[in-house]
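*Asks:* To convert, note that position 147 of the sequence shown is 203 in the numbering used here; the numbers rise steadily by one, no gaps.
Structure below; questions to follow.
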Amino acid sequence: QLDTIKTEIAGGADKVLVAAGDSERLGELLDGSLRDKVIFVASGIDDKRYVNVSPNNYQMGVDLGLLINNNEKIEMDIAVLDFHDKKTYLRERREGVVTALSSTGRNTEIWEIDAENNIYEQVLKYLNDDRNIAITVTSEEYLEDVMRGISAVTKEVNV
């Protein structure tokens with residue numbers, strides 16, 4: 057992303073809107089001449105040197121949690137996957153989901169997933185019981201591996 061920003065600025069762009077994969081790291085890499093030309097959107101950055109336009113990720117999580125509660129069978133437990141991702145927006149969304157689901161009295165649990173290891177195997181281990189469960193994944197980055205784990209079981213699992 058840094059190379060793309062430099063290319064756009066060199067090509068005459070006054071400002072560059074960036075939805076960074078890792079805004080904190082990109083913010084560290086930008087030198088002084090580029091700082092006033094980059095506007096972070098969506099992913100956000102906690103650095104006053106940059107213009108930051110981002111959604112209220114916590115509220116998005118709350119809204120998602122309430123949507124899940126209203127659309128899942130009442131007898132289904134809800135699992136929220138925590139990949140310990142360093143991205144602030146994902147942590148805020150996850151916290152919002154957990155807050156909303158906890159306030160409904162739903163049986164909600166956090167599944168600790170190590171994103172550096174085999175996600176598929178970890179999901180299978182959590183699914184190794186007879187409960188039907190709804191799984192909440194707040195990052196599309198890990199969704200494919202989670203779905204592979206779910207497809208290996210025969211019980212009802214909603215994502």
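Just so you know, even glycine gets a beta-carbon here, dropped at the ideal spot from N, CA and C.
Could you check the C-alpha separation between N173 and E84 for me, to the nearest Å?
*Replies:* As a position in the sequence shown, residue 173 is number 117, starting the count at 1. As a position in the sequence shown, residue 84 is number 28, starting the count at 1. C-alpha separation (whole angstroms): 27 Å.
*Asks:* Name the DSSP bridge partner or partners of A135?
*Replies:* On the sequence shown, position 79 is the one that residue 135 refers to. Partner(s): E165, I191.
*Asks:* Please state the DSSP three-state secondary structure of V72.
*Replies:* In the sequence shown, counting from the first residue as 1, residue 72 sits at position 16. It is a strand residue.
*Asks:* Span of the alpha helix (DSSP H) holding I288?
*Replies:* This structure leaves residue 288 out entirely; the chain is present only between 57 and 215.
*Asks:* Count the other CB atoms within 10 Å of the CB of N125; is the residue buried (16 or more) or exposed (fewer)?
*Replies:* Position 69 of the sequence shown, counted from the start, is the residue given in the question as residue 125. It is buried - the Cβ of N125 has at least 16 other Cβ atoms within 10 Å.
*Asks:* Using 7 Å as the threshold, is the C-beta distance between R149 and M203 below it?
*Replies:* Here residue 149 refers to the residue found at position 93 of the sequence shown. Here residue 203 refers to the residue found at position 147 of the sequence shown. No; because the gap between Cβ atoms is not below 7 Å, this pair is not in contact.
*Asks:* Nearest-angstrom Cα distance between S195 and V74?
*Replies:* Within the sequence shown, the letter at position 139 stands for residue 195. Within the sequence shown, the letter at position 18 stands for residue 74. So the alpha carbons of these two residues sit roughly 18 Å apart.
*Asks:* Using DSSP with H/G/I as helix, E/B as strand and the rest coil, what is Y124?
*Replies:* Position 68 of the sequence shown holds residue 124. It should be pointed out that residue 124 corresponds to Ile in this sequence rather than to Tyr. I124: helix per DSSP, three-state reduction.
*Asks:* Compare the C-alpha of D78 against each of L146, E128, L199, E131 and name the closest.
*Replies:* As a first step, residue 78 is located in the sequence shown; it is residue number 22 there, counting from the start. Among L146, E128, L199, E131, the Cα nearest to that of D78 is on L146.
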